[in-house]
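Inspection log for the structure reproduced underneath, given as C-alpha cells.
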Amino acid sequence: MVSLELLKDHETVRSAPVSEAEALVDVRRLNLWYGKKQALYDISVRFPRNQITAIIGPSGCGKSTLLRSLNRMNDLIPGVRVEGEVLYEGVNIYDPRVDPVAVRRQIGMVFQKPNPFPKTIFENVAFGLRLMGVKGSELEDRVVEALKRAALWNEVQDRFKKESGLRLSGGQQQRLCIARAIAVEPPLLLMDEPTSALDPIATQAIADLIAELKRRYTVVIVTHNMQQAARISDRTLFMHLGVL
1 MVSLELLKDH
11 ETVRSAPVSE
21 AEALVDVRRL
31 NLWYGKKQAL
41 YDISVRFPRN
51 QITAIIGPSG
61 CGKSTLLRSL
71 NRMNDLIPGV
81 RVEGEVLYEG
91 VNIYDPRVDP
101 VAVRRQIGMV
111 FQKPNPFPKT
121 IFENVAFGLR
131 LMGVKGSELE
141 DRVVEALKRA
151 ALWNEVQDRF
161 KKESGLRLSG
171 GQQQRLCIAR
181 AIAVEPPLLL
191 MDEPTSALDP
201 IATQAIADLI
211 AELKRRYTVV
221 IVTHNMQQAA
231 RISDRTLFMH
241 LGVL
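In full-length UniProt numbering, the protein residues as written are 1 to 244.
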C-alpha cells in the first residue's frame, strides 16, 4: 500500500484553485444517477490546460463515471440521468443543443483494455482522420506523426500498412490506441486506467508517454496506481463514494 505522502507535493483542488481562464474544462455542481442510484454528488472542479490531472480513489468510488462524464460516454448507458454543467471551452456539453457525437470527436479517450480495430496498424490510426475527410499524402503524414508521438513508429514502421493491430503486444496495442486518439488532435485526452492490464515494462513505457503528451494536450487520467499518479501528474484529485 502506497502512502498518501507520495502526493504531498502535488496540487489539490482546495490548495491550488484553477481560474476560469486556465481551465479547458469546468465542471459545475455535477450530479449523476444510474437509475435510482446516485454515483456522483455535487462535483465542481476545473481541469487546467496542458496539465495532467490524475483522479484516484478506491474501486467503485465514481472515478470512471466522472471521467466518462467529460465526454458524455455515460449517455450510452440506459437509465443515466445528469444534472449540472460540464463546460468545455466555455460551452456546456450537456446543453440539449449540443451533439454528443461532436463532443466525442473533440475529446479523445483511451480505455482500460486496449481495443484496436481488426484492421491494419495504419487503418487503426487513420480511422478518425478519414471521418474528418483527410486524404492522400496528408493522411499518411498524420498517421506517421501520431505513431511517432505515441512512441510506436520505430517498432512498426516496416509493417504498419500490412500488419493487423491485433497482432501487436498488449503494450503496443495500448500505444496504438493512444496514437488513434491523438491523430485527430483532440485538445483533451481522457484515460481510464490505461496501464492496469499491462505488464510492468509496458506500464512504464505508457507512463513515460503520458508525461510527454501534456506538451500538446490536456490529460485527465484515472488510476489506482498512486506511485504513477505522483510521478506523472501535475494535480491529483481524490474521490470517495462519489464525492471529490
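Glycine included, every Cβ here is placed at the ideal spot set by N, Cα and C.
_For PRO96 and VAL86, I'd like the C-alpha separation in whole angstroms._
Mapped onto the sequence shown, residue 96 falls at position 96. Mapped onto the sequence shown, residue 86 falls at position 86. Answer to the nearest angstrom: the Cα atoms are 13 Å apart.
*First and last residue of the alpha helix (DSSP H) that includes PRO38?*
In the sequence shown, counting from the first residue as 1, residue 38 sits at position 38. It should be pointed out that residue 38 corresponds to Gln in this sequence rather than to Pro. Not the alpha helix (DSSP H): GLN38 falls in the beta strand (DSSP E), residues 37-48.
*Hey, out of LYS63, LEU131 and TYR217, whose CA is closest to HIS240's CA?*
Taking the sequence shown and counting its residues from 1, one reaches residue 240 at position 240. The residue with the shortest Cα to Cα distance from HIS240 is LYS63.
*Identify the continuous alpha helix (DSSP H) that holds ALA229 and give its terminal residues.*
If you number the sequence shown from 1, residue 229 lands on position 229. That run of the alpha helix (DSSP H) goes 226-232.
_Just to confirm my understanding: we take VAL119, look at its own chain, exclude 5 residues before and 5 after, and list those with CB closer than 8 Å. What are they?_
Looking up residue 119 in the sequence shown gives position 119. Before going further, note that residue 119 is Lys rather than Val in the sequence given. Excluding residues within five positions, the ones whose Cβ falls inside 8 Å are PHE127, SER164 and GLY165.
*What are the uninterrupted segments assigned as beta strand (DSSP E) that are 3 or more residues long and contained completely in the stretch 89-117, given in chain order?*
107-110
*Where VAL27 falls: helix, strand or coil (DSSP)*: Taking the first residue of the sequence shown as 1, we reach residue 27 at position 27. Of the three classes helix, strand and coil, the one that applies to VAL27 here is strand, per DSSP.
_Just to confirm the assignment, what range does the beta strand (DSSP E) spanning ARG235 have?_
Position 235 of the sequence shown, counted from the start, is the residue given in the question as residue 235. Run containing ARG235: 235-238, per the beta strand (DSSP E) assignment.
*Does the count of Cβ pairs from the stretch 184-199 and the stretch 102-115 closer than 8 Å reach three?*
yes
*What is the rounded straight-line gap between the Cα of MET1 and the Cα of ASN225?*
In the sequence shown, counting from the first residue as 1, residue 1 sits at position 1. In the sequence shown, counting from the first residue as 1, residue 225 sits at position 225. Per-residue confidence for MET1 stands at a pLDDT of 37, beneath the threshold of 50, marking its modelled position as unreliable; no derived number is given.
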